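In the working numbering, the protein residues as written are 11 to 148.
#1: Specify the secondary structure class of residue 115 as computed by DSSP and reduced to three states.
#2: If you reduce the DSSP assignment to three classes, tell me which class residue 57 lands in.
#3: Check for me: the beta strand (DSSP E) holding residue 92 runs from which residue to which?
#4: Any idea what DSSP makes of residue 37, helix, strand or coil?
#5: Do the CB positions of residue 89 and residue 76 come within less than 8 Å of each other?
#6: Can you tell me where the alpha helix (DSSP H) holding residue 83 begins and where it ends?
#7: Can you name the start and end residues of the alpha helix (DSSP H) that residue 131 belongs to?
#8: Who are the near neighbours of residue 63 in its chain, counting only those whose CB is closer than 8 Å to its CB and skipping five residues on each side?
#9: Do residue 108 and residue 38 have their beta-carbon atoms positioned less than 8 Å apart in this structure?
#10: Out of 112, 125, 132, 123, which has the shortest C-alpha to C-alpha gap to residue 106?
#11: Where residue 43 and residue 78 are concerned, what is the direct C-alpha to C-alpha distance, given to the nearest angstrom?
#12: Where does residue 28 sit, in a helix, a strand or coil, going by DSSP?
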């Protein structure tokens, strides 16, 4: 979203990437029926979940984050808008309509680990569910 506050250390490329990611997510979730379950794997401080909660209030939002400080910040900012879980891609429960990651799987130690994580997340989707992975290495 234009005009969003960004951390001071974000360079222009980071800001543009986040704006594009948010636009993409809003477009996708806008087609989901009310009550759909959406999970952000590696949700960080919950920025994308917060945006989705405001844009599409009928969704059930979940976040999974391994880092305690980031998860605590997400809990403070999201309140009851989302359910947060300590963990990573292995801790996503079943029956999700949309699972997305942004720069989370790239943190795994190898290509094989990344492919295994994608396969695992795909198994957690409902029939016709969507897995969206936005990853980069630069």
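Note that the Cβ used here is the ideal one computed from N, Cα and C, for glycine as well. Note that the structure is a prediction, hence the values are computed from the model and not measured.
Let me lay it out:
#1: Reduced to three states, the DSSP call for residue 115 is helix.
#2: Helix at residue 57.
#3: Start and end: 92-96.
#4: Helix, per DSSP.
#5: Not closer than 8 Å, so no.
#6: For residue 83, the uninterrupted alpha helix (DSSP H) run begins and ends at 78-88, by DSSP.
#7: For residue 131, the enclosing alpha helix (DSSP H) starts and ends at 121-133.
#8: For residue 63, where only same-chain residues beyond five positions count, the Cβ hits under 8 Å are 69, 71, 88, 91, 92.
#9: Cβ atoms of residue 38 and residue 108: closer than 8 Å.
#10: For residue 106, the nearest C-alpha among the options comes from 132.
#11: C-alpha separation (whole angstroms): 32 Å.
#12: Here residue 28 sits in helix by DSSP.
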